[in-house]
Amino acid sequence: DSLTLLNYKVLEAANGREALAILKTKPDEIALVLSDVVMPEMGGIALFQAMEQQNLSIPVVLLTGHPLSKDMKSLQELGLAGWLPKPTVLETLSQLLSRVLA
Numbered sequence: 543d544s545l546t547l548l549n550y551k552v553l554e555a556a557n558g559r560e561a562l563a564i565l566k567t568k569p570d571e572i573a574l575v576l577s578d579v580v581m582p583e584m585g586g587i588a589l590f591q592a593m594e595q596q597n598l599s600i601p602v603v604l605l606t607g608h609p610l611s612k613d614m615k616s617l618q619e620l621g622l623a624g625w626l627p628k629p630t631v632l633e634t635l636s637q638l639l640s641r642v643l644a
């Protein structure tokens, strides 16, 4: 796992709903949310929006295999910390996470 290689502690969720439940119970333990845009039940964009509605002010970075540049720009204006195309290059992921967590 790329995040483990970069020495990050990882909490995994199968989908956005599960991630939201984890975020509600451990908001002080989570420094960043890294989510795929397309997931079953609740995707990354819906997760980001739900976090905003519930005042969970944890930075969110989205991963996508689809060209969503226009959507990502508008989401960044709403507070999205960043996004990366898939497949993700480890060095690019590391640089983005370092910037977001600085």
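Quick note on numbering: the sequence shown equals residues 543 to 644 in the working numbering. Every residue, glycine too, gets a C-beta built ideally from N, C-alpha and C. Source: prediction; values computed, not measured.
Check: Neighbourhood of A623 by C-beta, 8 Å cutoff - its chain only, sequence neighbours within 5 removed; Outcome: L574, P601, V602, V603, V642
Check: Beta-carbon proximity list for P569, same chain, < 8 Å, skipping 5 on both sides; Outcome: L598, I600
Check: For G624, the three-state DSSP class (helix, strand or coil); Outcome: strand
Check: Those residues which DSSP pairs with L578 across a bridge; Outcome: Reading off the sequence, residue 578 comes out as Asp, not Leu. Paired residues: L605.
Check: Contact under 8 Å by Cβ, L548 with I564; Outcome: no
Check: Of the residues I572, E619, S616, I587, the one placed nearest R559, counting alpha carbons only; Outcome: I587
Check: Proximity to H608 [Cα-Cα], best of Q595, A592, P629, Q618; Outcome: P629
Check: Neighbourhood of M584 by C-beta, 6 Å cutoff - its chain only, sequence neighbours within 5 removed; Outcome: N557, G558, R559
Check: V579 to S544 span [Cα, whole Å]; Outcome: 18 Å
Check: Uninterrupted alpha helix (DSSP H) stretches inside the stretch 546–576 (no shorter than 4 residues); Outcome: 558–567
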